[in-house]
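Heads up, the thing below is written out as structure tokens.
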Amino acid sequence: MPFIPHTEEDVKDMLDAIGAPGIDSLFDEIPTDLLIDEFQGVPDALSEMEISRLMHARAAKDGLPLSFIGAGAYEHHIPAAVWDITTRGEYYSAYTPYQAEASQGTLQTIYEYQTMITRLTGLDASNASLYDGASGLAEAALMAVRANRSATSKRVLLASGVSPVYQKVATAIAGSQGLTFDRLPLDTSSGTANLDALNDQEAPVAVVIQQPSFFGTLEQIDALTDWAHEQAALVIAIVNPTSLALLKAPGDWGAEGADIACGEGQPLGVPLSSGGPYFGIMACKQKIVRQMPGRIVGRTTDLEGRPGFTLTLQAREQHIRRSKATSNICTNQGLMVTAATIYMSLLGAEGLSRVASSSHAQTKELMKLLTGIEGVDALFEGPHFHEAGLRLDRPVEPVLESLAMRDILGGYDLSREFPELGNALLVCATETKTQADLEAYADALQAIMNAGNVRSA
Amino acid sequence: MSELPGDLLYTSEHEWLRREEDGSVTIGITDHAQTALGDLVYVELPEVGQDLDVGGEMAVVESVKAASDVYAPLAGSVVAVNEELTDDPEKINADPYGDGWIVRLQPSGDDGETMDPDAYQAFLDELDE
Chain W
3 MPFIPHTEED VKDMLDAIGA PGIDSLFDEI PTDLLIDEFQ GVPDALSEME
53 ISRLMHARAA KDGLPLSFIG AGAYEHHIPA AVWDITTRGE YYSAYTPYQA
103 EASQGTLQTI YEYQTMITRL TGLDASNASL YDGASGLAEA ALMAVRANRS
153 ATSKRVLLAS GVSPVYQKVA TAIAGSQGLT FDRLPLDTSS GTANLDALND
203 QEAPVAVVIQ QPSFFGTLEQ IDALTDWAHE QAALVIAIVN PTSLALLKAP
253 GDWGAEGADI ACGEGQPLGV PLSSGGPYFG IMACKQKIVR QMPGRIVGRT
303 TDLEGRPGFT LTLQAREQHI RRSKATSNIC TNQGLMVTAA TIYMSLLGAE
353 GLSRVASSSH AQTKELMKLL TGIEGVDALF EGPHFHEAGL RLDRPVEPVL
403 ESLAMRDILG GYDLSREFPE LGNALLVCAT ETKTQADLEA YADALQAIMN
453 AGNVRSA
Chain G
66 MSELPGDLLY TSEHEWLRRE EDGSVTIGIT DHAQTALGDL VYVELPEVGQ
116 DLDVGGEMAV VESVKAASDV YAPLAGSVVA VNEELTDDPE KINADPYGDG
166 WIVRLQPSGD DGETMDPDAY QAFLDELDE
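Protein sequences appear in the order of chains W and G. Letter 313 of the first sequence, counting from 1, is numbered 315 in this note's numbering, and no numbers are missing. Letter 106 of the second sequence, counting from 1, is numbered 171 in this note's numbering, and no numbers are missing.
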């Protein structure tokens, strides 16, 4: 659908109609001392050719390293058709058109996306997406507070394996509304929440369980979910959509299932792309759907009885409820969602399951190779998905630097945020890694560890 | 214009109140309010046991064209909610002063401002002008 900007004449007509001398005059109420002439630190505008050259030069600096970093964003093979279709003119817009009379295709795509997300999460309703996984947790926590009206607490209890980045983002967004985010102590042998510590917990408004955890380990989701519901707390699941092809859906956790699921949608056909744009998944049980933020597309019939798609439950949203809206988010990551929908359609349930199984198998193989090296041990006992922890006999950072010099991104240094884990490194291998890639990593690490031993001897 | 039931009190927020024999107060929205909102599709009810101040957010009524807060017309504790509205919100459209009641409060002191039927009718007439 075309987006035609106003001509100078249109602008003049509109200004004349309201009797304003110019566009600037519409912003008169902003105090002059708040106005700046130019942005500090922002260079002059470049032409398309200049910016293209600059970006190519910068991209070349990154090289094409072999990456074993996960920690929230995951490298997966994206079939060429995904972005070929996504970038067709009918889809490719900076703005998502919602008008039912003009946008049936877009609305149907979002509806199909929502259907796929509800099937993956085992929950009743999905929204049209949020900005990303981390802000999705903040929205889920705020939603839980709205939905759990019998709770007096605004304390959100995080299982030990919730991403520290998600905790920071959720605190930044929801902290000013009185929500606090506390973490259950970590069982350092299993890399999961220490359930003994539950006895000392005051009843929270919601319990957040990340599965697989930030460490790639598997939390005791059933026990945690049932405990939370006994405390009259809602359960928020943070999930990796790829893993749901193999793991139990949040809707099936414990006796009653998680109430809300959120997570990072990037693994579904969105490239790593230096950290974004990504998109956030959110789904929930039917009974709290009116507390869910974001757009929701519904299927309906028109006046002549023909099936069609439209935005639904809009009374939650800010253009109707104003300050009482469920969120100030009334948009979604439309283009990313389009890519994810096409990705899931192309792979199907079986394809997604193969991606998940293959990623799991490659990580297992990587762990086998790496833990065969002297000074490298598995950090945690128990199962993991496509990410796992290693303990090194020396500080992690210099080792990662040495690997980077060999064009290998060796993983995520856990010792920064989890000093209690010691020299801990989080590694990830997806289906994109071949046996040769895994061996290249093992050989490089072996050489670095050997060289270090020689130096320190 | 339909008759205003004579045994009820009314507020400027278009709510009605009925004092029950046990001292509790039943609250709903007026015929004028349900007509203005149009077909109701959802009612968000408070929790039984919740304490409310005068003007506190007590419920939300959502129609096909708007969502509107229902404020507590007096201070009190929620002793009952009309659970049938969860599945059947249109009861408010069909019978605003009967089956469409929303909440019953046990007053806890502050009574808020109310009008008798004549005063509310005058208030409505003024709005029409």
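Every residue, glycine too, gets a C-beta built ideally from N, C-alpha and C.
| Asked | Found |
| --- | --- |
| Just verifying my parser: in three-state terms, what is the DSSP assignment at W/D184? | strand |
| Given this structure, state the Cα-to-Cα distance separating W/G310 from W/L248, to the nearest angstrom. | 33 Å |
| Whose CA, out of W/Q364, W/L392, W/P385, lies closest to the CA of W/I375? | W/L392 |
| With burial defined as no fewer than 16 other Cβ atoms inside 10 Å of the residue's Cβ, what is the status of W/N242: buried or exposed? | buried |
| Mind listing the chain G neighbours of W/A146? Cutoff is C-beta to C-beta under 9 Å, in chain order. | The premise fails here: W/A146 is roughly 15 Å from chain G at the closest Cβ pair, so nothing lies under 9 Å. |
| Got a sec, what are the start and stop residues for the beta strand (DSSP E) G/M180 sits in? | That residue, G/M180, is in no beta strand (DSSP E); it is neither H nor E in DSSP. |
| Any C-beta of chain G sitting closer than 8 Å to the C-beta of W/I322? | yes |
| Per DSSP, W/D134 is paired with what? | Answer is none; W/D134 lacks a bridge partner. |
| With a CB to CB cut of under 6 Å and the five nearest residues on each side skipped, what residues in its chain are close to W/P81? | L348 |
| If you scan the segment 328-395 of chain W from start to end, which runs of the alpha helix (DSSP H) of 4 or more residues do you find wholly inside it? | 336-373 |
| For W/T88, which of helix, strand or coil comes out of DSSP? | helix |
| Checking contacts by CB at 8 Å: is G/V109 closer than that to chain W? | This sequence places Glu at residue 109 of chain G; Val is not what is there. It does; some Cβ of chain W falls within 8 Å. |
| Please tell me whether G/A131 has its Cβ less than 8 Å away from any Cβ of chain W. | yes |
| Would you be able to state if there are at least three C-beta pairs under 8 Å between the segment 154-161 of chain G and the segment 90-107 of chain G? | yes |
| Closer than 8 Å by beta-carbon distance: list the chain W residues that pair up with G/E112, in chain order. | R151, S152 |
| Hey, is W/R90's beta-carbon within less than 8 Å of any beta-carbon in chain G? | no |
| If we ignore side chains and look at the alpha-carbon of each, how far apart do W/P45 and W/Q116 end up? | 41 Å |
| Using the C-alpha atoms, what's the distance from W/H231 back to W/S458? | In this prediction, W/S458 has a pLDDT of 49, which is less than 50 and means its spatial position is unreliable; what the coordinates show is noted afterwards. Taking the straight line from one Cα to the other gives about 53 Å. |
| Considering just the uninterrupted stretch of the alpha helix (DSSP H) at W/G303, what are its terminal residues? | First, the residue type needs correcting, since residue 303 of chain W is Thr and not Gly in the sequence shown. W/T303 -> not in any alpha helix (DSSP H); beta strand (DSSP E) instead, spanning 299-303. |
| List, in order along the chain, the chain W residues whose C-beta lies closer than 7 Å to that of G/E127? | A317 |
| Taking C-alpha atoms, which residue in W/L371, W/V171, W/M284 lies nearest to W/A444? | W/L371 |
| Report the option in W/H388, W/V401, W/A453 whose CA atom is closest to the CA atom of W/C430. | W/H388 |
| On the three-state DSSP scale, how would you describe W/M3? | At W/M3 the pLDDT is 48, less than 50, meaning the model places this residue with poor confidence; the figure from the coordinates comes in the next sentence. Here W/M3 sits in coil by DSSP. |
| Taking Cβ positions, are W/V299 and W/D261 nearer each other than 8 Å? | no |
| Are any of the Cβ atoms in chain G nearer than 8 Å to that of W/R297? | no |
| List the residues of chain G whose Cβ lies closer than 9 Å to the Cβ of W/R301, in chain order. | Near W/R301 there are no residues of chain G at all, since even the closest Cβ is about 16 Å away, more than 9 Å. |
| Can the beta-carbon of W/G163 be found less than 8 Å from the beta-carbon of W/T227? | no |
| Are the beta-carbon atoms belonging to W/E221 and W/A195 less than 8 Å from one another? | yes |
| From the DSSP output, in three-state form, read off G/R84 for me. | strand |
| What are the residues in the segment 403-424 of chain W lying within 7 Å of chain G by C-beta distance? | none |
| Which parts of the segment 40-79 of chain W are runs of the alpha helix (DSSP H), unbroken and 4 residues or longer, counting only runs that do not cross its ends? | 50-64 |
| My guess is that W/T340 and W/R148 are in contact by the Cβ rule of under 8 Å, so how many angstroms apart are they, rounded? | Actually they are not in contact, since the Cβ atoms of W/T340 and W/R148 sit about 29 Å apart, beyond 8 Å. |
| Rounded to the nearest angstrom, what separates W/D415 and W/E399 at their Cα positions? | 7 Å |
| Helix, strand or coil: how does DSSP classify W/N452 here? | helix |
| Within 10 angstroms of the Cβ of W/S128, are there 16 or more other Cβ atoms? Answer buried if so, exposed if not. | buried |
| Between W/R292 and chain G, is the shortest Cβ-Cβ distance under 8 Å, so that the two count as touching? | yes |
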